[in-house]
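Trainee:
In this note's numbering, the protein residues as written are 599 to 927.
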(Lines of atoms letter the chains of each structure in order from A; the text may use other names.)
(Lines give C-alpha, C1' and ligand atoms only; values in the text may rest on other atoms or scores of the structure.)
Protein backbone atom coordinates (compact mmCIF):
# COMPACT_ATOMS: atom_id res chain seq x y z
CA UNK A 599 0.00 0.00 0.00
CA UNK A 600 1.34 3.50 -0.83
CA UNK A 601 2.62 5.63 2.01
CA UNK A 602 -0.15 7.83 3.35
CA UNK A 603 0.27 11.61 3.39
CA UNK A 604 0.03 13.77 6.49
CA UNK A 605 -3.39 14.21 8.02
CA UNK A 606 -5.61 16.57 6.05
CA UNK A 607 -7.71 19.14 7.88
CA UNK A 608 -11.44 18.36 7.71
CA UNK A 609 -14.26 20.09 5.90
CA UNK A 610 -16.56 21.61 8.50
CA UNK A 611 -20.22 20.67 7.95
CA UNK A 612 -22.59 22.83 10.00
CA UNK A 613 -25.88 21.11 10.79
CA UNK A 614 -28.83 23.25 11.91
CA UNK A 615 -31.40 20.55 12.74
CA UNK A 616 -31.31 16.79 13.49
CA UNK A 617 -32.89 15.81 10.15
CA UNK A 618 -30.88 18.25 7.99
CA UNK A 619 -27.69 16.25 7.42
CA UNK A 620 -25.27 16.26 4.47
CA UNK A 621 -26.54 12.94 3.02
CA UNK A 622 -25.11 12.37 -0.49
CA UNK A 623 -22.65 15.26 -0.20
CA UNK A 624 -20.90 13.75 2.81
CA UNK A 625 -20.63 10.39 1.03
CA UNK A 626 -19.11 12.17 -1.99
CA UNK A 627 -16.47 13.70 0.29
CA UNK A 628 -15.79 10.46 2.14
CA UNK A 629 -15.42 8.38 -1.03
CA UNK A 630 -12.61 10.72 -2.13
CA UNK A 631 -10.70 10.67 1.11
CA UNK A 632 -11.84 14.14 2.14
CA UNK A 633 -12.39 14.11 5.91
CA UNK A 634 -15.29 16.04 7.40
CA UNK A 635 -16.26 17.33 10.83
CA UNK A 636 -19.94 17.81 11.68
CA UNK A 637 -20.87 20.61 14.06
CA UNK A 638 -24.43 20.31 15.37
CA UNK A 639 -24.76 23.99 16.08
CA UNK A 640 -28.44 23.58 16.95
CA UNK A 641 -27.27 21.37 19.85
CA UNK A 642 -24.92 24.08 21.20
CA UNK A 643 -21.76 22.53 19.77
CA UNK A 644 -18.92 25.02 19.43
CA UNK A 645 -17.67 26.14 16.03
CA UNK A 646 -13.96 25.45 15.36
CA UNK A 647 -11.43 28.08 14.37
CA UNK A 648 -10.74 28.77 10.68
CA UNK A 649 -7.19 27.41 11.16
CA UNK A 650 -8.68 24.00 12.04
CA UNK A 651 -10.60 23.43 8.80
CA UNK A 652 -10.01 23.15 5.05
CA UNK A 653 -13.49 24.20 3.98
CA UNK A 654 -17.03 24.89 5.11
CA UNK A 655 -20.43 23.47 4.16
CA UNK A 656 -23.45 25.13 5.78
CA UNK A 657 -26.63 23.06 5.48
CA UNK A 658 -30.34 23.91 5.55
CA UNK A 659 -32.67 24.31 8.50
CA UNK A 660 -36.25 25.18 9.46
CA UNK A 661 -35.36 28.60 10.89
CA UNK A 662 -34.85 31.82 8.92
CA UNK A 663 -31.51 33.43 8.13
CA UNK A 664 -32.73 36.64 9.78
CA UNK A 665 -33.82 34.95 13.02
CA UNK A 666 -30.70 35.65 15.10
CA UNK A 667 -32.78 36.95 18.01
CA UNK A 668 -34.28 33.48 18.41
CA UNK A 669 -31.12 31.65 17.33
CA UNK A 670 -28.01 33.57 18.50
CA UNK A 671 -25.71 31.07 16.79
CA UNK A 672 -26.75 32.55 13.42
CA UNK A 673 -24.63 35.60 14.23
CA UNK A 674 -21.68 33.37 15.19
CA UNK A 675 -21.97 31.33 12.00
CA UNK A 676 -22.15 34.43 9.78
CA UNK A 677 -18.97 35.73 11.43
CA UNK A 678 -17.25 32.42 10.75
CA UNK A 679 -18.37 32.55 7.11
CA UNK A 680 -16.76 35.97 6.71
CA UNK A 681 -13.48 34.72 8.20
CA UNK A 682 -13.53 31.62 6.00
CA UNK A 683 -14.12 33.72 2.88
CA UNK A 684 -11.37 36.18 3.85
CA UNK A 685 -8.97 33.26 4.37
CA UNK A 686 -9.50 31.93 0.83
CA UNK A 687 -11.00 28.65 2.02
CA UNK A 688 -13.79 27.00 -0.05
CA UNK A 689 -17.31 27.48 1.27
CA UNK A 690 -20.70 26.19 0.12
CA UNK A 691 -24.04 27.26 1.60
CA UNK A 692 -27.18 25.19 1.03
CA UNK A 693 -30.71 26.63 1.43
CA UNK A 694 -30.54 28.29 4.89
CA UNK A 695 -26.74 28.07 4.62
CA UNK A 696 -26.83 29.78 1.23
CA UNK A 697 -29.01 32.54 2.64
CA UNK A 698 -26.65 33.10 5.59
CA UNK A 699 -23.70 33.14 3.19
CA UNK A 700 -25.42 35.83 1.13
CA UNK A 701 -25.89 37.90 4.30
CA UNK A 702 -22.30 37.27 5.42
CA UNK A 703 -20.91 38.59 2.13
CA UNK A 704 -23.10 41.68 1.82
CA UNK A 705 -26.37 40.40 0.33
CA UNK A 706 -29.75 40.10 2.02
CA UNK A 707 -32.57 37.62 2.64
CA UNK A 708 -36.32 38.16 2.41
CA UNK A 709 -39.56 36.23 1.96
CA UNK A 710 -40.09 34.79 -1.53
CA UNK A 711 -43.57 35.47 -3.03
CA UNK A 712 -44.16 31.72 -3.11
CA UNK A 713 -42.38 28.78 -1.49
CA UNK A 714 -40.82 25.91 -3.40
CA UNK A 715 -41.48 22.55 -1.76
CA UNK A 716 -40.60 19.49 -3.84
CA UNK A 717 -38.54 18.78 -6.96
CA UNK A 718 -38.39 21.72 -9.37
CA UNK A 719 -36.57 22.49 -12.57
CA UNK A 720 -33.78 25.04 -12.38
CA UNK A 721 -32.39 26.95 -15.35
CA UNK A 722 -28.62 27.34 -15.42
CA UNK A 723 -27.60 30.82 -16.59
CA UNK A 724 -24.99 31.56 -19.25
CA UNK A 725 -22.48 32.29 -16.50
CA UNK A 726 -23.53 29.09 -14.74
CA UNK A 727 -22.91 27.05 -17.87
CA UNK A 728 -19.30 28.28 -17.79
CA UNK A 729 -18.86 27.62 -14.08
CA UNK A 730 -16.79 24.51 -13.18
CA UNK A 731 -19.37 23.42 -10.58
CA UNK A 732 -22.72 24.58 -11.91
CA UNK A 733 -22.02 23.27 -15.41
CA UNK A 734 -21.96 19.72 -14.02
CA UNK A 735 -25.73 19.94 -13.49
CA UNK A 736 -26.59 20.43 -17.15
CA UNK A 737 -28.78 23.25 -18.43
CA UNK A 738 -32.18 22.30 -16.94
CA UNK A 739 -31.60 20.13 -13.86
CA UNK A 740 -34.23 19.25 -11.25
CA UNK A 741 -33.31 19.85 -7.62
CA UNK A 742 -35.08 19.34 -4.33
CA UNK A 743 -36.37 22.52 -2.72
CA UNK A 744 -37.90 23.43 0.62
CA UNK A 745 -37.84 27.15 1.32
CA UNK A 746 -40.08 30.13 1.98
CA UNK A 747 -37.33 32.80 1.92
CA UNK A 748 -34.79 33.62 -0.74
CA UNK A 749 -31.43 35.37 -0.94
CA UNK A 750 -30.34 38.43 -2.87
CA UNK A 751 -26.69 37.73 -3.77
CA UNK A 752 -23.98 40.14 -2.65
CA UNK A 753 -22.55 42.79 -4.95
CA UNK A 754 -20.18 41.41 -7.61
CA UNK A 755 -21.58 37.87 -7.16
CA UNK A 756 -22.25 35.85 -10.32
CA UNK A 757 -25.78 34.44 -10.71
CA UNK A 758 -25.45 30.78 -11.71
CA UNK A 759 -29.04 29.49 -11.75
CA UNK A 760 -32.65 30.69 -11.63
CA UNK A 761 -36.22 29.38 -11.75
CA UNK A 762 -39.69 30.66 -12.55
CA UNK A 763 -40.74 30.65 -8.88
CA UNK A 764 -37.43 31.84 -7.43
CA UNK A 765 -35.20 33.88 -9.79
CA UNK A 766 -32.09 33.50 -7.61
CA UNK A 767 -31.15 29.83 -7.19
CA UNK A 768 -27.35 29.86 -7.04
CA UNK A 769 -24.50 32.35 -6.91
CA UNK A 770 -20.71 32.44 -6.72
CA UNK A 771 -18.54 35.16 -5.24
CA UNK A 772 -14.89 34.92 -6.16
CA UNK A 773 -13.77 31.43 -7.07
CA UNK A 774 -14.44 29.52 -3.85
CA UNK A 775 -17.72 30.76 -2.32
CA UNK A 776 -21.01 29.23 -3.55
CA UNK A 777 -24.56 29.73 -2.34
CA UNK A 778 -27.41 27.41 -3.36
CA UNK A 779 -31.13 27.86 -2.67
CA UNK A 780 -31.89 24.23 -3.58
CA UNK A 781 -30.75 21.05 -1.83
CA UNK A 782 -28.05 19.33 -3.95
CA UNK A 783 -27.38 16.88 -1.11
CA UNK A 784 -30.90 15.42 -1.32
CA UNK A 785 -31.34 11.87 -2.58
CA UNK A 786 -34.19 9.38 -2.29
CA UNK A 787 -33.18 8.34 1.22
CA UNK A 788 -33.07 11.90 2.58
CA UNK A 789 -36.42 12.80 1.05
CA UNK A 790 -37.94 9.64 2.52
CA UNK A 791 -36.55 10.63 5.95
CA UNK A 792 -38.12 14.08 5.69
CA UNK A 793 -41.49 12.68 4.65
CA UNK A 794 -41.57 10.57 7.81
CA UNK A 795 -41.00 13.49 10.19
CA UNK A 796 -44.05 14.22 12.31
CA UNK A 797 -45.92 17.27 11.04
CA UNK A 798 -44.56 17.12 7.49
CA UNK A 799 -47.91 16.21 5.90
CA UNK A 800 -49.63 19.05 7.76
CA UNK A 801 -47.01 21.62 6.69
CA UNK A 802 -47.32 20.57 3.05
CA UNK A 803 -51.14 20.69 3.21
CA UNK A 804 -51.15 24.19 4.73
CA UNK A 805 -48.63 25.42 2.15
CA UNK A 806 -50.78 24.03 -0.68
CA UNK A 807 -53.82 25.85 0.72
CA UNK A 808 -51.97 29.16 1.19
CA UNK A 809 -50.13 29.11 -2.16
CA UNK A 810 -50.55 27.88 -5.70
CA UNK A 811 -50.37 24.09 -5.68
CA UNK A 812 -47.89 24.10 -8.56
CA UNK A 813 -45.17 25.31 -6.18
CA UNK A 814 -45.92 22.78 -3.40
CA UNK A 815 -45.88 19.09 -4.31
CA UNK A 816 -47.77 16.40 -2.40
CA UNK A 817 -45.79 13.95 -0.21
CA UNK A 818 -46.25 11.20 -2.81
CA UNK A 819 -44.88 13.51 -5.54
CA UNK A 820 -41.80 14.19 -3.39
CA UNK A 821 -41.01 10.47 -3.38
CA UNK A 822 -41.99 9.74 -6.98
CA UNK A 823 -39.97 12.64 -8.40
CA UNK A 824 -36.93 11.69 -6.31
CA UNK A 825 -36.13 8.83 -8.71
CA UNK A 826 -35.46 11.31 -11.51
CA UNK A 827 -34.35 14.27 -9.43
CA UNK A 828 -31.57 12.53 -7.53
CA UNK A 829 -29.64 12.08 -10.80
CA UNK A 830 -29.11 15.85 -10.96
CA UNK A 831 -28.31 15.95 -7.25
CA UNK A 832 -25.72 13.18 -7.36
CA UNK A 833 -24.00 14.63 -10.40
CA UNK A 834 -23.86 18.00 -8.71
CA UNK A 835 -22.60 16.83 -5.31
CA UNK A 836 -19.81 15.02 -7.15
CA UNK A 837 -18.84 18.39 -8.63
CA UNK A 838 -19.21 20.23 -5.30
CA UNK A 839 -16.89 17.73 -3.63
CA UNK A 840 -14.15 18.75 -6.07
CA UNK A 841 -14.25 22.23 -4.56
CA UNK A 842 -12.74 20.70 -1.41
CA UNK A 843 -10.28 18.26 -3.04
CA UNK A 844 -6.89 19.47 -1.81
CA UNK A 845 -4.60 16.48 -2.35
CA UNK A 846 -3.65 14.58 -5.46
CA UNK A 847 -3.13 11.28 -3.66
CA UNK A 848 -6.15 9.13 -3.13
CA UNK A 849 -6.83 5.52 -3.93
CA UNK A 850 -9.82 3.20 -4.17
CA UNK A 851 -9.11 -0.53 -4.29
CA UNK A 852 -11.54 -2.85 -6.03
CA UNK A 853 -11.73 -6.04 -4.00
CA UNK A 854 -13.48 -7.78 -6.86
CA UNK A 855 -15.89 -7.14 -9.67
CA UNK A 856 -17.73 -9.23 -12.22
CA UNK A 857 -18.21 -8.96 -16.00
CA UNK A 858 -15.29 -8.39 -18.34
CA UNK A 859 -16.41 -4.83 -19.08
CA UNK A 860 -15.60 -3.97 -15.47
CA UNK A 861 -16.98 -0.87 -13.85
CA UNK A 862 -18.69 0.59 -16.91
CA UNK A 863 -21.34 -2.12 -17.14
CA UNK A 864 -24.58 -1.19 -15.36
CA UNK A 865 -25.54 -3.53 -12.48
CA UNK A 866 -21.96 -4.75 -12.11
CA UNK A 867 -21.36 -5.97 -8.57
CA UNK A 868 -18.47 -4.03 -7.00
CA UNK A 869 -16.75 -4.08 -3.62
CA UNK A 870 -14.59 -1.02 -2.94
CA UNK A 871 -12.17 -0.04 -0.18
CA UNK A 872 -11.34 3.63 0.24
CA UNK A 873 -7.89 4.85 1.27
CA UNK A 874 -6.92 8.44 1.91
CA UNK A 875 -5.41 10.75 4.46
CA UNK A 876 -8.08 9.69 6.96
CA UNK A 877 -7.19 6.00 6.67
CA UNK A 878 -9.17 3.03 5.43
CA UNK A 879 -12.93 2.90 5.88
CA UNK A 880 -15.19 -0.13 5.74
CA UNK A 881 -15.62 -1.73 2.31
CA UNK A 882 -18.66 -0.63 0.32
CA UNK A 883 -20.53 -3.26 -1.71
CA UNK A 884 -23.12 -2.46 -4.32
CA UNK A 885 -24.03 -2.34 -7.98
CA UNK A 886 -23.06 0.22 -10.60
CA UNK A 887 -25.99 2.56 -11.19
CA UNK A 888 -24.51 4.88 -13.79
CA UNK A 889 -21.38 6.68 -14.99
CA UNK A 890 -21.58 10.50 -15.02
CA UNK A 891 -19.06 12.90 -16.53
CA UNK A 892 -18.43 16.26 -14.88
CA UNK A 893 -15.85 18.91 -15.86
CA UNK A 894 -13.14 17.43 -13.61
CA UNK A 895 -13.62 13.77 -14.53
CA UNK A 896 -15.96 10.79 -14.57
CA UNK A 897 -17.82 9.48 -11.53
CA UNK A 898 -19.18 6.02 -10.92
CA UNK A 899 -22.39 5.93 -8.86
CA UNK A 900 -22.48 2.80 -6.71
CA UNK A 901 -25.78 1.90 -5.02
CA UNK A 902 -25.58 -0.19 -1.86
CA UNK A 903 -28.22 -2.81 -1.06
CA UNK A 904 -29.53 -0.33 1.56
CA UNK A 905 -30.27 2.12 -1.28
CA UNK A 906 -27.53 4.63 -0.45
CA UNK A 907 -25.59 5.94 -3.44
CA UNK A 908 -21.81 6.54 -3.41
CA UNK A 909 -20.19 8.82 -6.04
CA UNK A 910 -16.63 7.59 -6.76
CA UNK A 911 -14.16 9.14 -9.19
CA UNK A 912 -13.24 6.57 -11.84
CA UNK A 913 -9.62 7.67 -12.06
CA UNK A 914 -9.24 6.85 -8.35
CA UNK A 915 -10.16 3.20 -8.83
CA UNK A 916 -7.40 0.60 -9.09
CA UNK A 917 -8.30 -3.05 -9.61
CA UNK A 918 -6.14 -5.24 -7.34
CA UNK A 919 -5.84 -8.68 -8.89
CA UNK A 920 -4.62 -10.41 -5.74
CA UNK A 921 -7.80 -9.43 -3.93
CA UNK A 922 -10.01 -11.27 -6.41
CA UNK A 923 -11.45 -14.56 -5.12
CA UNK A 924 -9.38 -17.53 -6.23
CA UNK A 925 -11.04 -20.06 -8.48
CA UNK A 926 -11.20 -23.61 -7.24
CA UNK A 927 -9.60 -26.23 -9.44
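Every residue gets a Cβ at the ideal spot worked out from N, C-alpha and C, and that includes glycine.
Using DSSP's beta-bridge definition, name the partner residues of residue 747.
Mentor: Answer is 709, bridged to residue 747.
Trainee: Do the segment 833-840 and the segment 782-794 touch if we need at least three Cβ pairs shorter than 8 Å?
Mentor: Short answer: they touch.
Trainee: Starting from the Cα of residue 649, find the closest Cα among 908, 636 and 607 and give me that residue.
Mentor: Checked all of 908, 636 and 607; the closest Cα to residue 649 is 607.
Trainee: How many angstroms separate the CA atom of residue 678 from the CA atom of residue 645?
Mentor: Going from the Cα of residue 678 to the Cα of residue 645 covers about 8 Å.
Trainee: Rank 725, 801, 815 and 871 by C-alpha distance to the C-alpha of residue 716 and give the top, closest one.
Mentor: Measuring from the Cα of residue 716, the nearest candidate turns out to be 815.
Trainee: Please report how far the alpha carbon of residue 662 lies from the alpha carbon of residue 714, in whole angstroms.
Mentor: So the alpha carbons of these two residues sit roughly 15 Å apart.
Trainee: By DSSP, does residue 698 sit in helix, in strand, or in coil?
Mentor: Three-state DSSP puts residue 698 in a helix.
Trainee: So what's residue 907 in DSSP terms, helix, strand or just coil?
Mentor: Here residue 907 sits in strand by DSSP.
Trainee: Cutting at 7 Å between CB atoms, please list the residues of its own chain near residue 669, excluding the five before and the five after it.
Mentor: 661, listed in sequence order.
Trainee: Mind listing, in chain order, the continuous alpha helix (DSSP H) runs of no fewer than 4 residues lying wholly within the segment 763-792?
Mentor: As far as the segment 763-792 is concerned, it has no whole alpha helix (DSSP H) run of at least 4 residues.
Trainee: Determine which residues share a DSSP beta bridge with residue 655 and list them.
Mentor: Paired residues: 611 and 690.
Trainee: Measuring alpha carbon to alpha carbon, tell me which residue in 687, 673 and 694 is nearest residue 613.
Mentor: Out of 687, 673 and 694, 694 has the C-alpha closest to the C-alpha of residue 613.
Trainee: Under 8 Å, with one C-beta from each stretch per pair, do the segment 745-753 and the segment 785-803 reach the 3-pair mark?
Mentor: Result no; under three Cβ-Cβ pairs closer than 8 Å.
Trainee: Could you tell me which of 913, 914, 912 and 900 sits nearest to residue 622, measuring between CA atoms?
Mentor: The candidate whose alpha carbon is nearest that of residue 622 is 900.
Trainee: Okay, do the segment 796-805 and the segment 696-710 touch, 3+ Cβ pairs below 8 Å being the bar?
Mentor: No: fewer than three Cβ pairs fall under 8 Å.
Trainee: Provide the residue span of the alpha helix (DSSP H) that contains residue 682, from first to last.
Mentor: Its alpha helix (DSSP H) spans residues 671-684.
Trainee: From the DSSP output, read off the bridge partner residues of residue 741.
Mentor: Looking at the DSSP assignment, residue 741 forms a beta bridge with 718.
Trainee: Quick one: what does DSSP say residue 757 is sitting in, helix, strand or coil?
Mentor: Of the three classes helix, strand and coil, the one that applies to residue 757 here is strand, per DSSP.
Trainee: By a C-beta neighbour count over all protein chains shown, 10 Å radius and 16 as the cutoff for buried, is residue 820 buried or exposed?
Mentor: It counts as buried.
Trainee: Skipping 5 residues on each side, what residues in its chain have a beta carbon closer than 6 Å to that of residue 681?
Mentor: Around residue 681: 648.
Trainee: Where residue 599 and residue 805 are concerned, what is the direct C-alpha to C-alpha distance, given to the nearest angstrom?
Mentor: Here the model assigns residue 599 a pLDDT of 37, short of 50, so the residue's position is not dependable and the matter cannot be decided.
Trainee: By how many angstroms is the C-alpha of residue 698 removed from the C-alpha of residue 895?
Mentor: When rounded, the distance between both Cα atoms is 31 Å.
Trainee: Measure the alpha-carbon distance for residue 721 versus residue 811 and round it to whole angstroms.
Mentor: Going by the C-alpha atoms only, they are around 21 Å apart.
Trainee: Report the partner residues of residue 899 according to the DSSP bridge assignment.
Mentor: DSSP lists 888 and 909 as partners of residue 899.
Trainee: Hey, residue 700 and residue 732: beta-carbon distance below 8 Å or not?
Mentor: For residue 700 and residue 732, no; Cβs fall outside 8 Å.
Trainee: What did DSSP end up calling residue 629 once you bin it into helix, strand or coil?
Mentor: Looking at residue 629 - three-state DSSP - the assignment turns out to be coil, as it is neither helix nor strand.
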